[in-house]
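Heads up, the sequence shown is in the working numbering, so the first residue is 98 and it goes up one at a time. Worksheet: one structure, shown below.
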Amino acid sequence: MLLSIRHRTFYRYDPPAARVALKLRLYPAVTAAQTPRSWSVTVNGEAPHMRLANGYGDEESVWLAHDGAEEVEIVAEGVVETRDVHGVLRGWRMAARPAMFLRKTPLTAPDEAITALAKEATAGKTGISAAHALSEAVRDAVDYRPGATTAKTTAAETLNLGAGVCQDHTHLLISGARSLGAAARYVVGYLMVGEGDQPELSTEQETHAWAEIWIDSLGWVGFDASNRICPTDHYVRLAAGLDAPDAAPLRGSITGAAEETLEADVQVTQAQ
Numbered sequence: 098m099l100l101s102i103r104h105r106t107f108y109r110y111d112p113p114a115a116r117v118a119l120k121l122r123l124y125p126a127v128t129a130a131q132t133p134r135s136w137s138v139t140v141n142g143e144a145p146h147m148r149l150a151n152g153y154g155d156e157e158s159v160w161l162a163h164d165g166a167e168e169v170e171i172v173a174e175g176v177v178e179t180r181d182v183h184g185v186l187r188g189w190r191m192a193a194r195p196a197m198f199l200r201k202t203p204l205t206a207p208d209e210a211i212t213a214l215a216k217e218a219t220a221g222k223t224g225i226s227a228a229h230a231l232s233e234a235v236r237d238a239v240d241y242r243p244g245a246t247t248a249k250t251t252a253a254e255t256l257n258l259g260a261g262v263c264q265d266h267t268h269l270l271i272s273g274a275r276s277l278g279a280a281a282r283y284v285v286g287y288l289m290v291g292e293g294d295q296p297e298l299s300t301e302q303e304t305h306a307w308a309e310i311w312i313d314s315l316g317w318v319g320f321d322a323s324n325r326i327c328p329t330d331h332y333v334r335l336a337a338g339l340d341a342p343d344a345a346p347l348r349g350s351i352t353g354a355a356e357e358t359l360e361a362d363v364q365v366t367q368a369q
């Protein structure tokens, strides 16, 4: 499948920022599941600098405005050819050992309730079967409810609340997997919502999140707990990390701005 993607992020600073530094992880890698046919990333119409692979193997670049900025527009767009490989990540440069993704973070630290959920869901199961069962248990325990949580909501808080969005499902799935001794990580990317998909899970104006869990016999395998599936050819992978902040496609440091206004829009359609 060919997916046409346009991801625009716009910042306005009042008063103008004295200095802006941005780190961008907006580059789809070539894997067995995806091949960028055309892709560009610009900041205020210019290509960012220093495009390199980070410690996780994902490409990132840097943009700096030393002379100040009132407005910053980031546009990532292009066409990516995708293939359904049942969520298995192959053909990707693995820079970090799976054991690195056993590390807990404040957003993913498991409590007794998460550990109990994970053990109950995977009882008598191993490998890929256990991972599927855990993903289903997470979705059963947490309703999809936009606005119920914030970017700072932890996995433990999500389970206690019983509601959240894709970030919360992913943090909880990662937390449960790590509580069982399985390496797991947070993935951010794009999702094309097709006809017949659940409308409440539409992500047309934002990026999407899912987890990857290390399975000894397969390697990294993706699990989208929100949609109860492994990633298909409707997905484009951008970057991974220990949690949402660690995998964020955009991270910035701003000096001097009193107020920041953000606009973001993601459009993913099937290309002809």
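All C-beta atoms, glycine included, are put in the ideal place defined by N, C-alpha and C.
| query | result |
| --- | --- |
| Straight-line Cα distance separating His268 from Ala248 | 11 Å |
| Sequence-distant residues of its chain with Cβ nearer than 6 Å to Ala361 (five each side left out) | Thr106 |
| Reduced DSSP secondary structure (H/G/I, E/B, other) of Asp111 | strand |
| Check: Thr329 C-beta below 7 Å from any heavy atom of the ligand ZN | In the structure on display, the ligand ZN does not appear, and there are no ligands present to speak of. |
| Trp160 to Lys222 span [Cα, whole Å] | 47 Å |
| The alpha helix (DSSP H) enclosing Ala210, as first and last residue numbers | Glu209 to Thr219 |
| For Glu297, the three-state DSSP class (helix, strand or coil) | Caution applies to Glu297, whose pLDDT of 44 falls short of 50 and renders its modelled position unreliable; the value that the coordinates give is listed next. Here Glu297 sits in helix by DSSP. |
| Limits of the alpha helix (DSSP H) - the one that Ala238 falls within | Gly224 to Ala238 |
| Leu252: first and last residue of the uninterrupted alpha helix (DSSP H) it sits in | Residue 252 is actually Ala in this sequence, not Leu. Residues Ala252 to Leu258. |
| Proximity to Val363 [Cα-Cα], best of Thr352, Glu303, Asp313 and Cys327 | Glu303 |
| Top-ranked residue by Cα proximity to Leu335, from Asp208, Leu288, Ala220 and Ala218 | Leu288 |
| Residues bridged to Tyr241 [DSSP beta-bridge criterion] | Gly261 |
| DSSP beta-bridge partners of Thr202 | DSSP lists no partner for Thr202. |
| Identity of the residues DSSP links to Gly286 by a beta bridge | His305 and Arg334 |
| Neighbour-count burial assignment, Glu297, 16 or more Cβ in a 10 Å radius | Residue confidence is low: Glu297 scores 44 on pLDDT, short of 50, so the model does not pin down where it sits. Its coordinate-derived value is still stated next. Exposed is the call here. |
| Cα-Cα separation between Val365 and His305, rounded to whole angstroms | 11 Å |
| Cβ-based burial, Glu309 [other Cβ within 10 Å; buried from 16] | buried |
| Nearest residue (CA-CA) to Phe320, options Glu143, Lys201 and Ser232 | Ser232 |
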